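Residue numbers (the working numbering): 47 to 240.
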């Protein structure tokens, strides 16, 4: 009820403001240009957007919807990484609801000083769960894959290979991830480490 009352009050205030702006733009002198109508339309649009974005709509039972902190953090990460490539560590992987989920955090990679391989510099901070697209490509190299050069694997095989390794080993592995515009992983490639 309070949300509905607050919206009604806000709508009335913004309507009064819009009417006032329309009255002012209609009472100008001869120097007024053709932009007056555009300013009034912009004010109306801004008022409508303000009301629409002010509060989430209540659920059918009358209670306000809630968003969990973990869901908010995950969506923030997805938005931040949308359309990018990231180098990460993967602590865990799982499948559920027909999707593959990865627990990731940023890391760094450096060329090995003596061999044709990579040295993984672990990141710090918490891991964040991201989802993979159904057709995401998985390319694995030793030690997670069977060969030095990357080869294609199914997502479920990747999950089983990763989760079969002890957590201490997982911290030494690194991956290049590509994200789509919605922040979902479209490509996973493990780096060859000796």
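The beta-carbon is built from N, C-alpha and C at its ideal position, and this holds for glycine as well. A quick note: this is a predicted structure, and the numbers were derived from the prediction, not measured.
Inset, instruction - For residue 230, collect the residues of the same chain with a Cβ closer than 6 Å to its Cβ; drop the 5 residues on either side in sequence, then sort them by chain order. - result: 177 and 179
Inset, instruction - Look at residue 132 and residue 223 and say whether their C-beta atoms are less than 7 Å apart. - result: yes
Inset, instruction - Pull up the distance between the alpha-carbon of residue 159 and that of residue 143, whole angstroms please. - result: 43 Å
Legend entry - residue 139 classed as buried or exposed, judged by whether at least 16 other C-beta atoms fall within 10 angstroms: buried
Legend entry - CA-to-CA distance, residue 129 to residue 200, given in whole angstroms: 23 Å
Inset, instruction - Use the C-beta contact count for residue 193: other C-beta atoms within 10 angstroms, 16 or more gives buried, fewer gives exposed. - result: exposed
Inset, instruction - Compare the Cα-Cα distances from residue 135 to each of 126, 125 and 152 and report the closest residue. - result: 152
Legend entry - First and last residue of the uninterrupted beta strand (DSSP E) at residue 198: 197-199
Inset, instruction - Tell whether a beta-carbon distance below 7 Å holds between residue 141 and residue 205. - result: yes
Inset, instruction - Indicate the three-state DSSP secondary structure (helix, strand or coil) for residue 190 in the structure shown. - result: coil
Legend entry - Where residue 209 sits in the DSSP three-state scheme: helix
Legend entry - Extent of the continuous beta strand (DSSP E) run through residue 137: 131-142
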